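**Student:** Please see the structure below; I have some questions.
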Amino acid sequence: MTFDTVIMVDWSGGNDRGATPKKDAIWTCIGRTGASDAPLYHRNRQIAEAYITDALATELGQHRRTLIAFDLCFAYPNGFAKALIGTEDPLALWDWFAARVKDTPSENNRFSLAGQINAQFPGIGPFWGNGRPNHDVPHLPRKGLDRQGFALAEHRTTDSAAPGAFSPWQLAGAGAVGGQVIMGLPTLSRLRHHFGPSLSVWPFQTPDTPIVLAETYFSLLPTALLNDDAIRDAAQVSLYARAFSSLATDQWQTVFDIDPTPEGWVLGLGHAPLLQGAVMPALIPPPLRNDCFAMPQGAHWTPVDDALSHLRAHLAPVTATETVPLTQAVGRILAAPVTAMRSHPPYANAAVDGYAFAGPLPDGPHALPLHPGRAAAGQPFEGTVPPNHAIRILTGANIPDGTDTVVLQEDTTANTTHIALHGPLKRGANARKAGEDMTAGADVLPARRRLTPADLATLAACGTATVTVHKPLKVGVLSTGDELRAPGDAATDGQIYDANRAMLLADIARWGHIPVDLGIAPDNRAKLRRILDRAAAKCDAILTSGGASAGDEDHMSAHLQGTGTLALWRIAMKPGRPLALGLWQDTPVFGLPGNPVAAQVCALIFAHPALACLAGAEWPAPQGFQVPAAFIKSKKSGRREYLRARITDGAVQVFPSEGSGRVSGLSWATGLVELPDGAAQISLGTPVNYIPFASFDL
Ligand code: AMP
Ligand code: MG
């Protein structure tokens, strides 16, 4: 279900605005396949409605499926329609308004109609605001604070989730939207009747008709995306026409997928990254620079830390970005910071079960009369609690108007009319403040973060439904050597089984990349070249093992040298012979040593952070711990050493053999002991740096 055409409508509640295009007037814009026509200005509602009816008829006649979105509330907060017309059906409310709104280019009855509606509600309100200073409107208070007792929420649920949304009750003042809602619903009603079964209204009806009518909000996307040259309203309708018209079928399913509610829903809310991805071309990073592995070569061996700083300084993300739903985002790397769509909690609420009242309470015993009703999570108490009264409240319930403090149920005694409790209680006790956890508009998580399960909860709590992440890094693994056979194949005495490939492929999967098995390459240059050519075309990075030093059969280093981008890094560490680093057709290649122990240690120390960086993540520094040694060792200065290690009874043991071919020692170990570059004398109990494998994300 996709749309051939989208029409964005920026509505207005005022009178005729004259012939010259102006802001805060009615603007429309047509978008198709990610491009928009020029925005159109309409000086008044009569002209705009005629244009829209005509445009929709044209699209229908041309069999172009059309989405038309207005920036006005399609419904009011829960309970309003039921109280006014006896049904919660918002579409019936549209017809009710259509029958009562009087509208001409120079005059309309929105204020007096709002006053007449107020008269049918208890207390004062809900509508407020009067554009004319010298003309009082019966039953229409001038100030929001003058209202009370009408027993309706200020906002619909969807508006509470939209940062900066105004209440539909407010008819006057900068940014107010109440007038345009009253003056828009009759137009929506007429469009609906005009197009009959060809038109459905989302989310109240299934959006499977040739025309779908929806409400949206032109502040879903960062304002930086607006074209500054244009009148803001014109820039907005154009931007949203481009964004919505480039959504694909599955993306429409994502934005349409909400729990139906008679309060309606803002189309696109919670999906800013998805809409944004549609208007910004995916970020495709430039290839790495040819000299990125060119380590200044000297007579000396390069210390591990210098090698790491060089990689850190020269590597950059290489994958494009994409937008995914939150439920598929664990382990993915954020390509942009995430901003809170709404505050958490969105409204002050109770931290415990008990009774709410207006605090503080001084020291000593108190008895408070109980106000009827209760506030529960998801079932707010709609009225106002009178001064010096308490009301039953449950954990997670919004703090009712007239109260700000909660006493724990266990600290009270209650009968049917009163509760008794002991002061003192500070004002705000046992209540969570709105936004105390996260504030709408604030950055919640930074770019380059790999999302954890907990991050998904954090993002969901502040209203994020989709995130912009890097595409996963595809990492190829190639073993080299004529002596290698795959386990399961027959092997002569001169042959050994390929131990590295399974291990390195598994490392890569644990690190959140996509492992690509490149098999075994023989010690033959022509064949190796063909394998690397094919691998470079389908991988973002390649790990090879074996053939990395400068011996006769060390074709990997010879090859990379031939391409002119090789750096043979002589790193001052044990285990590990030189590391061959280079670009093969712009694809970074990490030539690891052949010995399984050396291959794994070099993978953990160098490939792990380097691949994280290429994938768009923060450079990960493994976290080690000082643990007393359960071994004795004397070490000369000049190179860093990594020993296979495990902790037993609070001390760290090392594998008895340091032989780099002893692969079983890697299984025995739970981490590495890192001995410093300088000389060291380790005796029993000497603290040494132990880095658990978990610190390497294994
Ligand atoms: P090379 O770096 O190719 O000289 O290999 C060093 C040592 O590691 C030799 O003993 C190789 O047989 C061994 N080796 C190389 N690749 C692997 C592998 N994939 N699995 C197990 N041992 C290997
Ligand atoms: Mg070899």
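Everything in the sequence shown is counted per our numbering, starting at 152 for the first residue and increasing by one. Cβ coordinates follow ideal geometry from the N, Cα and C atoms, glycine included. Nothing here was measured: the structure is a model prediction, and the numbers come from that model.
So, helix, strand or coil for I268, using DSSP?
**Tutor:** As a position in the sequence shown, residue 268 is number 117, starting the count at 1. Helix, per DSSP.
**Student:** Is the distance from the Cβ of A598 to the Cβ of A486 below 8 Å?
**Tutor:** Taking the sequence shown and counting its residues from 1, one reaches residue 598 at position 447. Taking the sequence shown and counting its residues from 1, one reaches residue 486 at position 335. It is a contact, given that the beta carbons lie within the stated cut-off.
**Student:** Give a yes or no on contact between the segment 509–529 and the segment 561–580, applying the rule of three or more CB pairs nearer than 8 Å.
**Tutor:** Flag = yes, the segment 509–529 and the segment 561–580 touch.
**Student:** Based on the DSSP secondary-structure assignment, which residues constitute the bridge partners of R543?
**Tutor:** Looking up residue 543 in the sequence shown gives position 392. R543 is bridged to Y506 and R525.
**Student:** Who are the near neighbours of L339 in its chain, counting only those whose CB is closer than 6 Å to its CB and skipping five residues on each side?
**Tutor:** What you label residue 339 is simply residue 188 of the sequence shown in a count that begins at 1. Answer for L339: W245, listed in chain order.
**Student:** Are the segment 399–415 and the segment 377–388 in contact at 8 Å, needing three or more beta carbon pairs?
**Tutor:** no
**Student:** Is the beta carbon of A316 less than 8 Å from the beta carbon of Y368?
**Tutor:** To locate residue 316, count along the sequence shown from 1; it is residue 165. To locate residue 368, count along the sequence shown from 1; it is residue 217. For A316 and Y368, yes; Cβs fall inside 8 Å.
**Student:** Using the Cα positions of T255 and A565, report the straight-line distance between them to the nearest angstrom.
**Tutor:** As a first step, residue 255 must be located in the sequence shown, where it is residue number 104. As a first step, residue 565 must be located in the sequence shown, where it is residue number 414. So the alpha carbons of these two residues sit roughly 59 Å apart.
**Student:** Taking only three categories from DSSP, how would you classify A302?
**Tutor:** As a first step, residue 302 is located in the sequence shown; it is residue number 151 there, counting from the start. Here A302 sits in coil by DSSP.
**Student:** Check whether the segment 793–812 touches the segment 835–849, counting contact only when three or more Cβ pairs, one atom from each stretch, lie closer than 8 Å.
**Tutor:** Enough Cβ pairs lie closer than 8 Å, so yes.
**Student:** On the criterion of 16 or more Cβ atoms from any shown chain inside 10 Å, does T360 qualify as buried, or is it exposed?
**Tutor:** For the purposes of this step, residue 360 is identified with residue 209 of the sequence shown, where counting begins at 1. Only buried fits T360, as 16 or more other CB atoms lie within 10 angstroms of its CB.
**Student:** Which class does C180 belong to by DSSP, given the choice of helix, strand or coil?
**Tutor:** For the purposes of this step, residue 180 is taken as residue 29 along the sequence shown, with counting starting at 1. Strand.
**Student:** What are the boundary residues of the beta strand (DSSP E) that includes I550?
**Tutor:** Locating residue 550 in the sequence shown gives position 399, counting from the first residue. No beta strand (DSSP E) contains I550, which DSSP labels as neither H nor E.
**Student:** I need the straight-line Cα distance from P739 to M654, nearest angstrom please.
**Tutor:** The residue labelled residue 739 in the question sits at position 588 within the sequence shown. The residue labelled residue 654 in the question sits at position 503 within the sequence shown. Each residue's Cα considered, the two are about 20 Å apart.
**Student:** Exposed or buried, A296, counting other C-beta atoms within 10 Å across all chains shown (16 or more means buried)?
**Tutor:** Residue mapping note: residue 296 aligns to position 145 of the sequence shown, counting from 1. The amino acid occupying residue 296 in the given sequence is Leu; Ala does not appear at that position. Exposed, because fewer than 16 other Cβ atoms sit within 10 Å of the Cβ of L296.
**Student:** What number of angstroms, rounded off, separates the C-alpha of V417 from the C-alpha of A750?
**Tutor:** One-based indexing of the sequence shown puts residue 417 at position 266. One-based indexing of the sequence shown puts residue 750 at position 599. Each residue's Cα considered, the two are about 54 Å apart.
**Student:** Per the DSSP calculation, Q427 is bridged to which residue(s)?
**Tutor:** Locating residue 427 in the sequence shown gives position 276, counting from the first residue. Answer by DSSP bridge pairing: none, since Q427 is not bridged.
**Student:** How many Å lie between L477 and A548 at the Cα?
**Tutor:** The residue labelled residue 477 in the question sits at position 326 within the sequence shown. The residue labelled residue 548 in the question sits at position 397 within the sequence shown. Using only the alpha carbons, I get a separation of about 26 Å.
**Student:** For G742 and S818, what's the separation of their Cα atoms in angstroms?
**Tutor:** If you number the sequence shown from 1, residue 742 lands on position 591. If you number the sequence shown from 1, residue 818 lands on position 667. Cα to Cα, G742 sits roughly 23 Å from S818.
**Student:** Check whether the Cβ of E809 sits closer than 7 Å to any heavy atom of the ligand AMP, and report yes or no.
**Tutor:** Locating residue 809 in the sequence shown gives position 658, counting from the first residue. No.
**Student:** Just to confirm my understanding: we take P726, look at its own chain, exclude 5 residues before and 5 after, and list those with CB closer than 6 Å. What are they?
**Tutor:** In the sequence shown, residue 726 corresponds to position 575, counting from 1. Once the five neighbours on either side are set aside, the close Cβ partners of P726 are V748, A749, V752 and S811.
**Student:** Provide the residue(s) that pair with V406 in DSSP beta bridges, ordered along the chain.
**Tutor:** Mapped onto the sequence shown, residue 406 falls at position 255. Answer is none; V406 lacks a bridge partner.
**Student:** Under 8 Å, do V595 and V626 count as touching if we go by C-beta distance?
**Tutor:** Position 444 of the sequence shown holds residue 595. Position 475 of the sequence shown holds residue 626. Against a cut-off of 8 Å, the Cβ pair of V626 and V595 comes out as no contact.
**Student:** Assuming A541 and Y506 are in contact, meaning their beta carbons sit under 8 Å apart, how far apart are those beta carbons, in whole angstroms?
**Tutor:** Residue numbering aside, residue 541 sits at position 390 when the sequence shown is read from its first letter. Residue numbering aside, residue 506 sits at position 355 when the sequence shown is read from its first letter. So it is a contact: roughly 4 Å between Cβ atoms.
**Student:** Specify, as a first and last residue, the run of the beta strand (DSSP E) that H193 falls within.
**Tutor:** Reading the sequence shown from its first residue, position 42 is the one you call residue 193. In the DSSP assignment, H193 falls within the beta strand (DSSP E) that extends over L191 to H193.
**Student:** Grab the span of the alpha helix (DSSP H) containing K786 for me, first residue to last.
**Tutor:** Along the sequence shown, one-based indexing puts residue 786 at 635. Not the alpha helix (DSSP H): K786 falls in the beta strand (DSSP E), residues K784 to K786.
**Student:** Quick check: is any heavy atom of the ligand AMP less than 7 Å from the C-beta of V647?
**Tutor:** Against the sequence shown, residue 647 aligns to sequence position 496. According to the sequence provided, residue 647 is Ile. The question's Val does not apply to it. Yes; taking the cut-off as 7 Å, the Cβ of I647 has a heavy atom of the ligand AMP nearer than that.
**Student:** According to DSSP, is G816 part of a helix, a strand, or is it coil?
**Tutor:** Residue numbering aside, residue 816 sits at position 665 when the sequence shown is read from its first letter. Helix, per DSSP.
**Student:** Kindly indicate which three-state DSSP category E561 falls into: helix, strand or coil?
**Tutor:** Within the sequence shown, numbered from 1, the residue matching residue 561 stands at position 410. Looking at E561 - three-state DSSP - the assignment turns out to be helix.
**Student:** Taking the straight line between their C-alpha atoms, what separation do you get for P852 and I362?
**Tutor:** Residue coverage of the chain in this structure runs from 152 to 849, which leaves residue 852 outside it and unanswerable.
**Student:** Looking at the unbroken beta strand (DSSP E) that takes in I333, where does it start and where does it end?
**Tutor:** In the sequence shown, residue 333 corresponds to position 182, counting from 1. No beta strand (DSSP E) contains I333, which is instead part of the alpha helix (DSSP H) from G329 to I333.
**Student:** Secondary structure at K253, three-state DSSP: helix, strand or coil?
**Tutor:** As a working note, residue 253 is residue 102 in the sequence shown. The answer is coil: DSSP assigns K253 none of H, G, I, E or B.
**Student:** Is any heavy atom of the ligand AMP found at a distance shorter than 7 Å from the C-beta of G697?
**Tutor:** Counting from one through the sequence shown, the residue named residue 697 turns up at place 546. Yes, the beta carbon of G697 sits closer than 7 Å to at least one heavy atom of the ligand AMP.
**Student:** Distance, Cα to Cα, I693 vs R721?
**Tutor:** Working through the sequence shown from its first residue, we reach residue 693 at position 542. Working through the sequence shown from its first residue, we reach residue 721 at position 570. Whole-angstrom Cα-Cα distance: 20 Å.
**Student:** Would you tell me roughly how many angstroms separate the C-alpha atoms of Q777 and Y841, rounded to the nearest one?
**Tutor:** As a working mapping, residue 777 is identified with position 626 in the sequence shown. As a working mapping, residue 841 is identified with position 690 in the sequence shown. Straight across, the Cα-Cα distance linking Q777 with Y841 is about 6 Å.
**Student:** Using only the alpha-carbon positions, how far apart do G282 and A199 sit?
**Tutor:** Position 131 of the sequence shown, counting from 1, holds the residue named residue 282. Position 48 of the sequence shown, counting from 1, holds the residue named residue 199. Approximately 23 Å between the Cα atoms of the pair.
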